[in-house]
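K.L.:
Numbering-wise, the sequence shown is residues 1012 to 1223 according to the numbering used here. Using N, Cα and C, we set each Cβ at its ideal position, and we do this for glycine too.
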Amino acid sequence: MPVLFEAPSQAPKKTSKKGRQAVYPFSTPFTAYVMNPKDIRFETQGTDEEVILFLRQHIIVLIPPFILGIIFFFMPFILFPMLVRFLQSPIEIPSGYVVVGTIFWYVATFGYLLTTFLHWHFNIFIVTNHRIIDIDFLFLLYRKFAEAKIEKIQDISFRTGGIMATVFDYGDVLIQTASELPNFVFEKVPRPSEVVHVISDLTENRKKGRNV
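1) Would you please state the rounded distance, in angstroms, between the beta carbons of Arg1170 and Leu1192? I believe it to be under 8 Å.
2) Going by C-alpha distance, which of Lys1163, Thr1120, Trp1131 and Ile1143 is nearest Leu1149?
3) By Cβ distance, which residues of its chain are closer than 8 Å to Thr1058, with the 5 residues on each side in sequence left out?
4) Give the straight-line distance between the Cα atoms of Val1045 and Glu1054, rounded to the nearest whole angstrom.
5) So is Leu1125 buried or exposed if we call it buried at 16+ other beta carbons inside 10 Å?
6) Measuring CB atoms only, is the region 1065-1077 touching the region 1104-1119, in the sense that at least three cross pairs come out at less than 8 Å?
7) Tell me whether Gln1032 is buried or exposed, calling it buried when 16 or more other Cβ atoms sit within 10 Å of its Cβ.
8) Can you tell me whether Arg1067 is buried or exposed? The criterion is at least 16 other CB atoms within 10 Å of its CB, across all chains shown.
9) Can you tell me where the alpha helix (DSSP H) with Ala1176 in it begins and where it stops?
10) Can you give me the start and stop residues for the alpha helix (DSSP H) that Glu1205 sits inside?
11) Which stretch, first to last residue, makes up the beta strand (DSSP E) that contains Leu1149?
12) Reducing DSSP to helix, strand and coil, say where Val1119 ends up.
13) Would you report the Cα separation of Ala1176 and Thr1127, rounded to the nearest angstrom?
14) Who are Ser1168's beta bridge partners in DSSP?
15) Within 8 Å, do at least three Cβ pairs link the region 1074-1085 to the region 1160-1167?
Take a look at the structure:
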């Protein structure tokens, strides 16, 4: 499993030799955009490979599942009295069944919220000075890892749509490559225009034979 977080040092911000300033050099479990991170490494990282961008989907995507979780939390307090009132059954339901059913309901709600958070937390996108990487969290013990070399990138663009994406500045970054996986999509990432700019700079520098 990739090592994504290491204990951060207290080193000050530094500017790289190409002039990129570290925006948020240290990350938290809720960080979705880090440029030039100092505390992030991954399993297959090379000795001369630097992480330029670390991305997740914008944290705003967690709000709808969170609201749904709140609805699920209060639903038994509304649903059970309604069932008792409108479903006049001649057979009385044992109170133990009600307790077990309620516990099962809340366990399922918690599992839904936890799975949603883990899916968001471990679905990450990494841009290094050598390649782009897409790590997809599918199940608790299964991930999909895809990568493409910087020099294989043929076209890059981004798209945003809707009021929320405009207000909170997130969108999809579309990357076409000449590698085995022809298309990469960084979905709903923060600052998509900046992501495109960074990757475009890396691509141009690589074409000119410069090492970033």
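P.N.:
Short version:
1) No, Arg1170 and Leu1192 are not in contact; Cβ-Cβ is about 19 Å, not under 8 Å.
2) Trp1131
3) none
4) 18 Å
5) exposed
6) no
7) Bear in mind that a pLDDT of 46 at Gln1032, under 50, signals an unreliable position, so the number given afterwards is only what the model happens to contain. Looking at its Cβ environment, which holds fewer than 16 other Cβ atoms inside 10 Å, Gln1032 is exposed.
8) buried
9) Ile1174 to Phe1179
10) Segment Pro1203 to Lys1218, the alpha helix (DSSP H) holding Glu1205.
11) Arg1142 to Phe1150
12) Sequence check: residue 1119 is Ala here, not Val. Helix, per DSSP.
13) One alpha carbon belongs to Ala1176, the other to Thr1127, and they sit about 20 Å apart.
14) In the DSSP output, where bridge partners are listed per residue, Ser1168 has Leu1185.
15) no
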